[in-house]
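Residue numbers (full-length UniProt numbering): 1 to 47.
Built from N, CA and C at the ideal position, the CB exists for glycine as well.
Note that the structure is predicted; figures quoted are calculated from it, not measured.
I have placed the structure first, in the form of structure tokens, so that the comments after it can refer back to it.
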């Protein structure tokens, strides 16, 4: 369960960084989903 919390925290950090970028469009969901998959895979490999 702690691993899931770490994953969610990292995804939240990514979201906050993207929100600060005025060029980032809210409709860029595909990038966000792919980035989330990368984060999850990295944590799966760590465990």
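Under the DSSP assignment, residue 46 falls in the alpha helix (DSSP H) whose first and last residues are 29-46. For residue 14, the secondary structure class from DSSP, reduced to helix, strand or coil, is helix. Looking from the CA of residue 31, the closest CA among 14, 2, 46 belongs to 14.
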